[in-house]
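Residue numbers (UniProt numbering), protein chains in the order written: chain A, 1 to 344; chain B, 1 to 813. Here a beta-carbon is modelled for each residue, glycine too, at the ideal position from N, C-alpha and C. The structure presented is a predicted model; accordingly, all values stated were derived computationally and were not measured.
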Amino acid sequence: MKARLEELRGEALQELQGVETQQALNDLRVKYLGKKGALTEILRGMGGLSAEERPIIGQVANDVRAAIEAVIEEKAAAFQQAETNNRLLAETIDVTLPGKKLPTGAVHPLNKVAQEIEDIFVGLGYSIAEGPEVETDYFNFEALNLPKNHPARDMQDSFYVTDEILMRTHTSPVQVRTMKAKEGMTPVKVICPGKVYRRDDDDATHSFQFNQIEGLVIGKGIRMSDLKGTLLQFVQQMFGEQAQIRLRPSFFPFTEPSAEVDVTCVQCGGHGCRMCKQTGWLEILGCGMVHPRVLEMGGYDPEEVTGFAFGMGVERIALLKYGIDDIRHFYTNDLRFLGQFARI
Amino acid sequence: MKVSYQWLNEYIELDGLSAEELAELMTRGGIEIDGVESRNKGVSGVVVGYVKSKEKHPDADKLNVCKVDVGTGEELQIVCGAKNVDAGQKVPVAIIGAELPGDFKIKRAKLRGVESQGMICSAKELGLNDKLLPKEQQEGILVLPESTQLGTPIGNVLGIEDEVLELDLTPNRSDCLSMLGVAYEVGALTGREVKLPSTAIHDTVEKTSDLVSVQVLAKEQCPHYSARYIKNVKIGASPQWLQNRLTAAGIRPINNVVDVTNFVMLEFGQPLHAFDADKVPGGRIVVRMANEGETIVTLDDQERRLEPHMLVITDGNQPIALAGVMGGANSEVTDATVNILLESARFDGGTVRKTSRQLGLRSESSIRFEKEVDPSRVIPALDRAAKLIAELADGLVTEGVVEAVSQSVEPKKISVTLERINGYLGTELSSLEVRTIFGRLQFPYAVGNNDEFTVDVPTRRGDITRAVDLIEEVARLHGYDNIPTTLIHGDAIPGSLTKPQAIRRELRKRLTDSGLHEVISYSFTSPARTALFPALTDGAKAVKLAMPMSEERSVLRTSLIAQLIETAVYNRNRKNESAAIFEIGSVFHTDEEQLTRLPQEKHRFAALLTGNKSETQWNSKAAAYDFYDAKGIVETVIEVLGLTPKVTFAAAQPEHFHPGRTASVALETPAGPVVIGYVGQLHPALQVEWDMADTYLIELGLNALYEEASADIVYKALPKYPAIERDIAVVVDANVAAGSLTAAVEGTAGELLESVRVFDVYTGERLGAGKKSVALSLVYRHAERTLTDEEVTALHGQVVQHLEQTFGAELRK
């Protein structure tokens with residue numbers, strides 16, 4: 001009986017070796033291990049064995065069953081694997097076809113730059129003040145030490161609505177409004193962003209409408225050196241740690257002393273290039289100590305407090321930052337232009 | 001102001017300081033130099049020659065063959081085509097090897113068979129500016145004065161071995177509209193001394209007061225008028241050196257008298273005027289305001305109609321000059337002039353400015369008067385000019401000045417302490433350093449207790465009126481670079497955005513994240529555009545600019561979408577057919593025809609969708625924008641602002657919107673519901689007119705939204721008990737709004753209804769004409785227990801019944 005069992009094992013294993021399909025495997029399982037299978041058939045003869053032989057033959061039968069089952073399991077797993085592989089192969093797609101992008105719109109580059117500047121100053125403890133774009137002559141000029149007939153009014157030919165009302169030519173009137181609203185309280189620490197308007201023929205570098213951001217600080221003991229320190233902090237955050245500033249004496253009716261501020265050329269890092277006309281510097285800011293007349297008209301005593309102010313053109317900075325060659329792009333809003341700013 | 005380096009050198013030693021270095025020094029000191037230009041445009045090898053003889057060219061009518069001596073002993077044969085060439089002239093000769101502007105090299109040549117060993121040059125060929133040449137030099141070769149030395153390089157004769165600094169002056173530094181002013185500035189920067197020109201006059205016996213009288217009636221507009229008299233002048237060309245000076249400064253030489261007045265104006269910054277004394281009857285000068293309707297023919301031969309605010313110089317009868325602006329033709333100095341009445345005066349800047357503006361007449365003179373001249377130079381300039389006229393025109397100056405002075409000006413005294421200077425600038429300057437700076441500026445000063453400086457500010461620096469002006473002088477001469485960089489001391493205060501600022505940022509972020517591009521359009525637009533959408537202007541008028549640049553940009557925008565349409569059309573014309581854009585900005589409304597107060601500036605949000613929201617891709621079809629895309633944007637904005645329960649949409653027919661595809665947006669405010677804007681399709685007729693695809697527009701007022709927006713997020717506990725969902729489909733008349741169905745459902749179902757959602761709308765033949773089916777999904781839930789099927793069924797039954805009764809709805813099975 002043992003010999004027949006061994007023979008069965010040999011026969012089954014041989015037959016299993018040639019199996020190619022799951023179905024054939026199932027058939028062989030039934031054939032050898034099923035209720036009416038060959039193994040069961042042989043074991044029916046167990047009744048005729050002696051008590052000593054029975055456990056021995058039982059052991060052999062179990063071994064044979066286990067050996068056959070092991071091979072069947074192994075084969076089944078292999079078939080399963082192959083089937084899975086085939087299925088996945090069939091599911092293959094072309095991963096080079098384009099995906100479905102999330103929509104991406106762009107903040108207008110001028111606002112993108114303005115927000116960046118605002119964030120820097122908010123981080124330095126400034127709040128953001130806003131005011132009307134249509135202003136009175138008083139707030140736009142007179143309260144800024146530019147009385148009627150002042151020669152400096154030449155510098156900014158304006159769009160008047162009436163003799164007393166005009167499109168603001170700078171955001172400085174917001175500074176005056178801020179001072180008046182503060183009623184002599186200190187400190188004042190604001191920036192004033194917004195649109196301004198000057199009579200200018202439009203070309204690649206001029207626009208009759210543009211954006212400014214101005215800053216105003218008033219307090220006890222504010223020094224010109226604080227102004228320099230503040231501007232240095234700003235340009236290093238805006239243009240990188242390597243950026244330096246250079247102040248040149250200049251004139252604005254509302255500040256004294258006044259200065260134009262140059263920043264290390266963003267293109268060449270100060271070595272000299274076409275953008276900076278070989279000087280290594282780019283002019284981007286105007287600034288100065290608030291003129292005592294302006295403090296007085298704003299309700300402050302220039303003997304008690306001092307202050308500084310600065311201003312910059314957002315377009316100018318955006319042009320430099322992105323290397324844009326024509327200021328008109330900002331206002332014609334070609335989608336192919338705007339779309340370029342839909343990223344960090 | 002153009003400043004000749006060589007000329008400046010006469011008033012201050014420039015040794016060891018090149019023109020470029022000087023420019024840099026001045027720029028860093030606050031006088032910006034726009035450029036440094038060489039006066040020599042590329043001339044070399046051109047020398048003064050003498051034309052010994054001139055003969056006709058044998059084979060060319062228009063050419064002459066000249067024998068020319070250039071001082072080398074050798075006689076050159078030169079063929080010349082100029083009509084005015086003649087024997088006995090001194091002329092500029094470009095010899096073989098010479099170079100002329102434009103990289104033009106002179107070579108040995110044959111002209112119609114005759115050898116030419118060089119070229120006789122015109123002024124133009126030497127690179128001189130046409131516009132600055134005296135009339136006689138504008139054509140033909142340049143004929144030099146007989147006294148010119150043979151063989152001299154022409155550069156020395158014409159003074160073009162020189163560089164010109166172009167000063168870009170800020171309005172406060174009009175003191176540098178004179179060579180002396182510039183010299184003082186350079187003196188302050190370098191510590192070198194300023195050399196003043198001579199004003200000494202050797203008088204004749206005759207007295208000016210016997211020949212001239214001056215009466216000023218308009219004292220406020222003319223605080224000082226002075227005159228001199230020069231007899232027996234011979235009008236002629238100025239000497240070359242004088243012409244060179246003027247040309248370098250950009251002024252055309254005219255004759256010796258006029259040239260001197262211009263020369264001295266450039267030296268002192270004091271404009272002068274020379275009258276032909278014999279055309280001023282009795283030498284009588286009366287300065288007064290012009291009479292209404294009075295006219296004068298100015299030196300440029302234009303008749304000018306005068307107004308009473310204009311100041312004129314008269315002969316007691318009629319105007320002979322427009323004070324400070326331009327002289328009159330009736331008293332002009334001509335070749336026949338023998339006696340000169342010379343004027344040096346101070347006219348009020350504002351008056352001159354207004355006159356010059358109104359007549360469109362800006363002159364070197366008016367530019368200087370506008371910015372106020374130095375009162376202390378009126379007489380020195382007069383003397384200097386009289387002296388030079390006498391010298392150059394061979395005249396005699398009579399004795400004394402005739403003048404009328406109603407206001408004399410003393411140097412201002414201003415005090416400032418060292419402590420104040422250092423406190424203001426953040427510097428640690430010593431008293432000595434400050435003394436040195438005032439010394440270099442040539443500002444007399446005294447030092448009192450506590451290092452208090454009391455400075456006598458010279459009248460030439462009219463811009464210095466307060467202590468801070470002195471501090472600025474100290475700062476710029478100390479060098480802005482030498483001011484330290486410090487941080488503001490005192491408590492740091494946190495910065496922040498206001499609520500509207502934060503809301504605008506959030507909207508920008510949401511909208512761009514949803515694929516819309518932000519635009520910034522012009523605030524100026526055409527009246528036609530402001531009239532397009534009256535529903536968005538609240539009955540207001542547009543603000544008109546007094547002097548617009550064009551009709552297209554003559555008024556302020558009253559809505560944003562009118563501008564967005566312009567932007568969309570611009571893009572469509574550039575093949576950007578589809579657009580999703582938005583703008584956040586101000587519109588301007590007024591109820592006044594002529595503004596007496598500021599207009600209302602309203603913050604608006606607007607968007608425009610046109611064309612396709614997505615293009616055909618391999619796995620999806622193109623889809624066009626529709627009304628619900630636009631409405632969805634509004635709903636999202638409202639949702640983000642926490643205002644969904646306060647906003648309602650209702651069908652509306654505002655002008656120039658599609659009458660069937662537009663909704664008003666109303667916001668519940670404490671004062672009741674307010675329509676804050678519209679969302680809808682552009683009227684198809686306008687779409688056709690502008691050749692646009694279906695275009696959807698949104699415009700909302702932000703001010704009310706700022707007020708109502710809620711930034712408070714209050715957490716609601718997540719539901720603990722299950723919901724029961726019931727769907728119904730009802731057939732109603734097609735004109736029943738889905739919004740009224742959902743509102744009715746909400747009203748009937750009460751608190752147990754968690755949400756109602758329209759999930760299908762269907763129209764079709766099976767329903768019959770004028771009918772539609774609306775499918776709703778209702779979710780019921782109780783916060784504290786599980787709802788039973790029975791109670792939901794009962795409640796749901798009421799809902800259905802209500803719909804049936806209210807809308808004649810039929811339940812679809």
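Of the residues the options, the one placed nearest residue i, counting alpha carbons only
i	options	result
A/E214	A/S207, A/D226, A/L231 and A/S225	A/L231
B/V745	B/A709, B/H802 and B/D733	B/H802
residue 821 of chain B	B/V46, B/G88 and B/K371	The structure shown has nothing for residue 821 of chain B, since chain B only spans 1 to 813.
A/V305	B/E370, B/Y424, B/L311 and B/D383	B/Y424
A/R246	A/D202, A/V235, A/A114 and A/H170	A/V235
B/F657	B/V91, B/V732 and B/I698	B/I698
B/F605	B/E473, B/E615, B/A227 and B/S559	B/S559
A/L33	A/E52, A/A67 and A/S50	A/A67
A/H266	A/A259, A/K277, A/E256 and A/E260	A quick correction: the sequence has Val, not His, at residue 266 of chain A. It is A/K277.
residue 843 of chain B	B/Q149, B/N449 and B/H478	In the structure as shown, chain B starts at 1 and stops at 813, and residue 843 of chain B therefore has no counterpart that could be examined.
B/Q594	A/Y160, A/G10 and A/D226	A/Y160
B/L165	B/E115, B/P380 and B/L177	B/L177
B/Y11	B/K83, B/P58, B/L144 and B/R192	B/R192
B/N735	B/K771, B/A717 and B/F369	B/K771
B/R510	B/S554, B/I421 and B/T636	B/T636
B/T567	B/D59, B/G16, B/M692 and B/S586	B/M692
residue 817 of chain B	B/G677, B/K621, B/A624 and B/A623	Because residue 817 of chain B is not part of the residues shown, which for chain B are 1 to 813, the question remains open.
B/R284	B/I488, B/G632, B/P527 and B/D210	B/D210
Nonlocal neighbours in the same chain, by C-beta distance under 8 Å from residue i, ignoring five residues either side
i	result
A/V176	F139, A143, L144, V294, M297 and G298
B/D103	G42
A/V19	L25, L28 and K75
B/V93	V46, V47, V48, G49, V68, V70, L76, I78, G118, M119, I120 and C121
Strand pairing of residue i, partner residues [DSSP]
i	result
B/K279	BP columns for B/K279 are empty, so no partner.
B/P654	In the DSSP output, where bridge partners are listed per residue, B/P654 has none listed.
B/T669	B/G672
A/C287	A/A259 and A/F310
B/S4	B/V164
A/W281	A/T264
A/T136	A/I165
A/C273	Paired residue(s): none; A/C273 is not in a bridge.
residue 814 of chain B	Here chain B comprises residues numbered 1 to 813, so residue 814 of chain B is not present and cannot be evaluated.
A/R199	The partner list for A/R199 (beta bridge, DSSP) is empty, contrary to what the question assumes.
B/E403	B/S226
B/H517	B/I581
A/Q242	For A/Q242, which the question treats as bridged, DSSP gives no partner whatsoever.
B/M326	B/L322
Same chain, Cβ closer than 7 Å to residue i, five either side skipped, listed in chain order
i	result
B/Y706	K499, P500 and I503
B/G81	K62 and L63
Range covered by the beta strand (DSSP E) that runs through residue i
i	result
A/V177	It should be pointed out that residue 177 of chain A corresponds to Arg in this sequence rather than to Val. First-last for A/R177: S172 to K182, but that is the alpha helix (DSSP H), not the beta strand (DSSP E).
B/E319	It is Pro, not Glu, that sits at residue 319 of chain B in the sequence shown. First-last of the beta strand (DSSP E) with B/P319: P319 to L322.
B/M119	G118 to I120
residue 816 of chain B	What the structure shows of chain B is the stretch from 1 to 813, and residue 816 of chain B is not part of that stretch, so it cannot be assessed.
B/S356	Run containing B/S356: none in the beta strand (DSSP E); it sits in the alpha helix (DSSP H), G349 to L359.
Span of the alpha helix (DSSP H), counted from its first residue to its last, around residue i
i	result
B/F807	D789 to F807
Own chain partners of residue i with C-beta closer than 6 Å, once the 5 adjacent residues on each side are dropped
i	result
B/Y184	V194
B/D394	K234
Chain-ordered neighbours of residue i on chain D, where CB pairs are closer than 9 Å
i	result
A/D325	No chain D appears in the structure shown, which is made up of the protein chains A and B.
Fully enclosed by the segment 243-291 of chain B, which alpha helix (DSSP H) runs are 4 residues long or longer?
256-268
Inside the segment 27-112 of chain B only - beta strand (DSSP E) runs reaching at least 3 residues:
32-38, 44-57, 60-69, 75-80, 90-100 and 109-111
Can you list the alpha helix (DSSP H) stretches of 4 or more residues lying completely in the segment 701-761 of chain B, in chain order?
702-708 and 738-749
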